[in-house]
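Peer 1:
Residue numbers (the working numbering): 52 to 422.
#1: Just tell me which of 250, 290, 152 and 330 has its CA closest to the CA of residue 113.
#2: For the segment 135–153 against the segment 98–112, are there 3 or more C-beta pairs whose distance is under 8 angstroms?
#3: Would DSSP call residue 332 helix, strand or coil?
#4: Just how far apart, CA to CA, sit residue 412 and residue 332?
#5: Are three or more beta carbon pairs between the segment 54–66 and the segment 125–141 nearer than 8 angstroms?
#6: Would you say residue 180 and residue 99 are within 8 angstroms of each other, going by their C-beta atoms?
#7: In the DSSP assignment, what residue or residues form a beta bridge with residue 126?
#8: Once DSSP output is grouped into helix, strand and coil, what is the label at residue 199?
#9: Given that a residue counts as buried once 16 or more other Cβ atoms are within 10 Å of its Cβ, and exposed if not, what is residue 291?
#10: Do residue 103 and residue 81 have their beta-carbon atoms positioned less than 8 angstroms apart in this structure?
#11: What's the C-alpha gap between residue 54 and residue 120?
#12: Please check the pair residue 184 and residue 243, which I expect to be a contact at CB under 8 angstroms, by giving their CB distance rounded to whole angstroms.
#13: Can you name the residues that DSSP bridges to residue 57?
#14: May I have the straight-line CA-CA distance separating residue 200 from residue 250, to the nearest angstrom?
#15: With a 10 Å radius around its C-beta and 16 neighbouring C-beta atoms as the bar for buried, classify residue 355 as buried or exposed.
#16: According to the Cβ coordinates, are residue 97 and residue 169 closer than 8 angstroms?
#17: Taking the beta strand (DSSP E) that residue 86 belongs to, which residues open and close that run?
#18: What are the start and end residues of the alpha helix (DSSP H) that includes residue 72?
#19: In angstroms, rounded to a whole number, what distance separates the CA positions of residue 190 and residue 247?
#20: Quick check: residue 162 and residue 56, are their CB atoms within less than 8 angstroms of each other?
#21: Could you check whether residue 192 and residue 208 sit closer than 8 angstroms to each other, using their CB atoms as the reference points?
#22: Suppose contacts are defined by Cβ-Cβ distances below 8 angstroms. Is residue 157 in contact with residue 52 by that definition?
#23: Across which residues does DSSP place residue 107 in a beta bridge pair?
#24: Given a cut-off of 8 angstroms on the beta-carbon distance, is the pair residue 176 and residue 166 in contact?
#25: Quick check: the Cα distance between residue 263 and residue 294, rounded to an integer number of angstroms?
#26: Using three-state DSSP, classify residue 91 as helix, strand or coil.
#27: Report the rounded CA-to-CA distance for residue 297 versus residue 311, giving the unit in angstroms.
#28: CB of residue 124 to nearest heavy atom of the ligand SAM: below 7 angstroms?
#29: Residue 241 and residue 211 look like a contact to me (Cβ under 8 angstroms); what is the Cβ gap, rounded to whole Å?
#30: Hey, residue 194 and residue 245: beta-carbon distance below 8 angstroms or not?
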């Protein structure tokens with residue numbers, strides 16, 4: 052089994068191969084993130100303490116934290132899970148991973164030195180590899196130099212010179228050296244742009260953003276109020292339209308009914324007037340006839356107590372009928388109206404028929420003939 056040992060203090064790591072199975076027994080049945088004493092590996096490792104960070108089995112499948120087994124399993128992994136990098140948004144895939152428990156089927160085991168021992172390990176603890184770039188975030192710079200919030204972080208930014216000798220780039224170094232020593236130009240340096248640095252301009256921008264946010268909120272509220280007002284107005288107009296439609300429909304129905312009724316009434320009135328006009332000449336003729344009869348009627352004799360006057364003659368037995376006293380003709384109301392030029396009304400007094408008047412005058416004549 053191979054052991055990949057890293058030492059963060061010097062930024063170095065070393066890969067060693069251990070063939071003795073007895074030396075590797077200290078790692079068996081241990082989980083990831085557990086600490087192991089490294090003294091059984093040899094005298095040079097006396098006092099060192101390792102922490103298990105991971106590994107790969109002989110087929111190349113990685114160990115996954117949280118899978119409590121020393122075998123291989125297939126898990127459905129998505130974004131955020133270890134041992135998987137999605138290629139598309141929301142992609143999930145079932146991958147084979149090894150459990151977090153160490154066994155003899157691993158080919159490589161990753162370790163980190165937590166505690167340094169007595170001796171130096173060549174290539175691991177005896178040399179340091181300088182970092183090419185320093186911290187970029189303001190909070191990490193403060194943490195590195197133990198600065199407070201009042202201190203200016205820009206003074207503590209780690210700068211690096213440009214044109215340092217590298218493999219295959221010696222000409223650049225020579226040009227920079229000549230510029231510095233012969234032409235009087237200064238050495239060029241590069242510094243990272245500090246992120247999350249709080250400056251007055253940043254605070255001003257923040258205030259501006261908040262002001263815009265407040266303005267948007269106020270505008271949104273005003274627009275919502277205006278929309279509600281407009282909506283209520285439209286609803287009110289719709290209600291008024293509905294009411295007007297209902298009232299017009301009702302009035303049209305009532306107008307139609309009244310028009311029909313008026314037509315019927317007008318028809319009835321016209322019929323009654325036509326009938327009256329038809330009856331009017333007949334009534335006029337009847338009234339004129341009554342007036343003539345009244346003017347031509349004979350005088351009736353006045354009746355005595357006995358009803359018959361004694362006639363002086365032979366024997367004195369004959370009696371003459373009592374002469375009817377002449378009666379004045381009684382003009383009916385229809386005749387009066389006709390005389391005045393008015394039309395007669397419907398209700399008129401019935402004229403005295405000729406049949407009733409004539410017998411009274413003719414009776415004495417018949418008696419004379421018989422005698």
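All residues carry an ideal CB built from backbone N, CA and C; glycine is no exception. On a predicted model such as this, the values are computed, not experimentally measured, just so you know.
Peer 2: Taking the structure as given:
#1: 152
#2: yes
#3: helix
#4: Low confidence applies here, because residue 412 scores a pLDDT of 48, under 50, leaving its location unreliable; read the following figure in that light. About 31 angstroms.
#5: no
#6: no
#7: 146
#8: coil
#9: exposed
#10: yes
#11: 21 angstroms
#12: 7 angstroms
#13: 64 and 163
#14: 12 angstroms
#15: Bear in mind that the predicted position of residue 355 carries a pLDDT of just 47, short of 50, making it unreliable; the figure below should be weighed with that in mind. Looking at its Cβ environment, which holds fewer than 16 other Cβ atoms inside 10 Å, residue 355 is exposed.
#16: yes
#17: 86–88
#18: 72–75
#19: 8 angstroms
#20: yes
#21: yes
#22: yes
#23: 113 and 159
#24: no
#25: 46 angstroms
#26: helix
#27: 21 angstroms
#28: Among the components of this structure there are no ligands whatsoever, and the ligand SAM is therefore not found.
#29: 6 angstroms
#30: no
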